[in-house]
Amino acid sequence: MLLALPARADNDTSWHLELAGELSSPNGWVQVRENAIQGTRLHFGSDLNVNDMETIRLLAWKPFSDVSELHFGFSTSQLDGHSSTDVPVYFNGTTIAPGRLDTTTHFQDFIAFDASYWHQLMTFGGDGQLWGSVGATYVMLNFKVSGTIAADSVGNELKEDFYVQEMPVPIFGLHLRYPLTDSLRFTADGTWGRLPWVNSFRTEGGEVKTAQTNWEAVFGLEYTLSPHWKLSAYLFHRYYSQDESSHEDGNQIKLNTNGGGFGTIYQF
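According to our numbering, numbering within the sequence shown proceeds without interruption in unit steps and concludes at 268.
Structure representation (C-alpha cells):
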C-alpha cells in the first residue's frame, strides 16, 4: 500500500499526535451463558449502575501527499459501577448471591487498536475537504464483575474474556474538515464497520462463531495555538457490539456511549 501512495507534498509530511480524555454515558447490556446456564441480562444503568465511562485516547497520523494519510489509534476505557441485587445473578456459569454486585472492568481490561488509510475525495467552499477512509479495528475486552459467589454455584469465574474470540473488523469512514477562521476548524467524522457471523477459528466445545459491529459519529472543533500545537474539543456517539455463539458459550455485549472529549495535538 505504501508503494502505491502518491508523492509526498512539501507543505506537510510531519507526524501529528493527539492525546485526549473522554467522559461518556454508557447504555446497553451484557449477557454471558455457560453451557446450559443462561446468563442474566445485565443492563449497564438499571442493573449495574454503570453511569459513566472514562476513556484515554491516543491518535497518530501522517500525511504522505496532499490527498493521502495514514492514521493509527489506541484507546483504553473503564466501566466501573456499584449496585446490589435482591435475586441471584447468573454470569458465565457462576451464581452470584443476592447482595452487592460491582462492575470492575478497568483500563487494562478494555483496549482498542485501529489503523486506516485516508484519501481525499473532494474539496469544496475554498478550503473544505472531504476524505474517505478504509481500515480495521481490534477490540480487547475482558468484562469483569464482582460479587459473593453462592454456595451452590456451579462455576466460580466472574469475568468473560471477549478478546479470546476477537477478530479484526473492517472499518469504512467519511471525514469532513472545514476551516471557520484562520485558527478554528470544524471536524466531522463518521465510521462504520461490521463483521458478520464467521468462524473465529477457536474451539470451545466445538466451532465458535463471532459477529461484531462498530460505528461512531464525532463532531468537533480544532483551535490552532501555534505552528506545532492545537487544542480539540468534540462530542460523539459510539456503538460497539460483540456476539459469540458455540455449544458451550453464548455471550453478548451491546454498548452505546454518548459523551465528549478534550485533546491536545502536537505536530512534529
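Every residue, glycine too, gets a C-beta built ideally from N, C-alpha and C. None of these values were measured; they are calculated from a predicted model.
With contacts defined as CB atoms closer than 9 angstroms, L23 and G263 fail to qualify as a contacting pair.
Relative to the Cα of H247, the nearest Cα in the group W29, E18, I37 belongs to I37.
Between D86 and the set T76, P98, T55, G93, the nearest pair of CA atoms involves P98. A Cβ-Cβ distance of about 3 angstroms is found for the pair G220 and Y234, placing them in contact under the 8 angstroms criterion. DSSP places D182 outside both helix and strand once states are collapsed to three, so it counts as coil. In terms of Cβ geometry, I253 and V30 form a close pair [threshold 9 angstroms]. Pairwise C-beta distances place the region 172 to 184 out of contact with the region 145 to 154, as fewer than three of them are shorter than 8 angstroms. Of the candidates F124, L48, I96, the residue whose Cα lies closest to the Cα of L176 is F124. Annotation: the region 169 to 237 contains the following complete segments of the beta strand (DSSP E) (minimum length 3 residues), in chain order: 169 to 179, 184 to 203, 207 to 224. DSSP, reduced to helix, strand and coil, places V164 within a helical segment of the structure shown. In the structure shown, D102 adopts extended strand secondary structure according to DSSP, grouped into three states.
DSSP places S24 inside the beta strand (DSSP E), whose first and last residues are 16 to 34. Of S232, G193, N251, the smallest CA-CA separation from S133 is found for G193. Burial of E69 is indicated by the presence of at least 16 other C-beta atoms within 10 angstroms of its C-beta.
The alpha carbon of D114 has as its nearest neighbour, out of S46, T203, P168, D189, the alpha carbon of P168. Under the DSSP assignment, V89 falls in the beta strand (DSSP E) whose first and last residues are 89 to 91. Listed in chain order, the non-local C-beta contacts of T103 below 7 angstroms within the same chain comprise L48, V50, L79, D80, G81, V145, local neighbours out to five positions each way being set aside. Annotation for I253: the continuous beta strand (DSSP E) segment containing it runs 249 to 267. Bridge partners of G135 according to DSSP: S116, I171. Using a Cβ distance threshold of 9 angstroms, N92 and E166 do not count as a contacting pair. By the Cβ-count criterion, D109 is buried, with 16 or more other Cβ atoms from all chains shown falling within 10 Å of its own Cβ. For F143, the secondary structure class from DSSP, reduced to helix, strand or coil, is strand.
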